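Right, one structure below, let's go through it.
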Amino acid sequence: LGYKIDRYRHSLQTATRALRDGADEETVVVALLHDIGDPIAPENHSEVAAAILRPFISEDNYWLLKHHGVFQGYYYFDKIGRDRDARERFRGHPCYEKTVMFCERWDQTSFNPDYDTLPLETFEPMVRRIFAREPRGHV
Numbered sequence: 088l089g090y091k092i093d094r095y096r097h098s099l100q101t102a103t104r105a106l107r108d109g110a111d112e113e114t115v116v117v118a119l120l121h122d123i124g125d126p127i128a129p130e131n132h133s134e135v136a137a138a139i140l141r142p143f144i145s146e147d148n149y150w151l152l153k154h155h156g157v158f159q160g161y162y163y164f165d166k167i168g169r170d171r172d173a174r175e176r177f178r179g180h181p182c183y184e185k186t187v188m189f190c191e192r193w194d195q196t197s198f199n200p201d202y203d204t205l206p207l208e209t210f211e212p213m214v215r216r217i218f219a220r221e222p223r224g225h226v
């Protein structure tokens with residue numbers, strides 16, 4: 088799709104926006120790692136990322152992560168012959184609005200080469216704390 092920044096910078100930008108917007112630490116880490124499944128499974132990267140992080144994150148963040156690809160599609164699916172309103176099938180779910188906000192304010196806007204993005208070192212302690220948690224039953 089011709090992005091102006093690479094996936095690494097996109098991930099850092101998404102996490103930076105989440106942090107600056109006051110998101111809790113777990114959600115910031117989810118923002119940082121939301122596209123971790125993209126290199127191995129571009130068509131279902133959301134599900135792959137959600138499966139990897141599930142033992143360490145809340146059910147709400149798991150749902151957001153699992154479905155963010157469909158929600159992000161609102162911004163470009165029409166350009167590739169898909170239904171941009173595919174996310175509507177989830178309307179009414181308790182995490183619908185949070186996922187809309189995640190994509191609108193953090194994910195969709197994080198392709199800006201001029202944005203003042205925080206370095207990875209900012210997020211490393213957060214990532215360590217999240218992955219130091221006792222894994223939940225989905226291992």
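For reference, each letter of the sequence shown is one residue, going 88 to 226 in our numbering. The C-beta atom is built at its ideal place from N, Cα and C for all residues, glycine as well. All values reported here derive from a predicted model rather than from experimental measurement.
Residue i: CB within 8 Å of a non-hydrogen atom of the ligand GTP
i, result
"Lys166", "Of ligands this structure carries none, so the ligand GTP is not represented either."
Simplified DSSP state of residue i, which is helix, strand or coil
i, result
"Glu130", "helix"
"Arg178", "coil"
"Phe189", "helix"
"Tyr95", "helix"
"Asn199", "coil"
"His155", "helix"
"Leu120", "helix"
"Pro206", "coil"
Residue i, buried or exposed, once every other Cβ within 10 Å from all chains shown has been counted against 16
i, result
"Ile127", "exposed"
"Leu88", "Caution applies to Leu88, whose pLDDT of 49 falls short of 50 and renders its modelled position unreliable; the model cannot decide the point."
"Phe189", "buried"
"Lys153", "buried"
Rounded straight-line distance, which links the Cα of residue j to that of residue i
i, j, result
"Gly124", "Glu134", "8 Å"
"Val187", "Phe158", "6 Å"
"Val115", "Ala105", "6 Å"
"Arg96", "Thr204", "8 Å"
"Ala136", "Lys166", "24 Å"
"Trp150", "Tyr183", "9 Å"
"Arg178", "Ala138", "22 Å"
"Glu113", "Arg216", "9 Å"
"Ala173", "Trp193", "20 Å"
"Arg171", "Glu221", "38 Å"
"Lys185", "Phe198", "20 Å"
"Pro200", "Pro129", "22 Å"
Neighbour flag for residue i against chain B, beta carbons, 9 Å
i, result
"Lys153", "The structure shown contains no chain B; it is built from a single protein chain."
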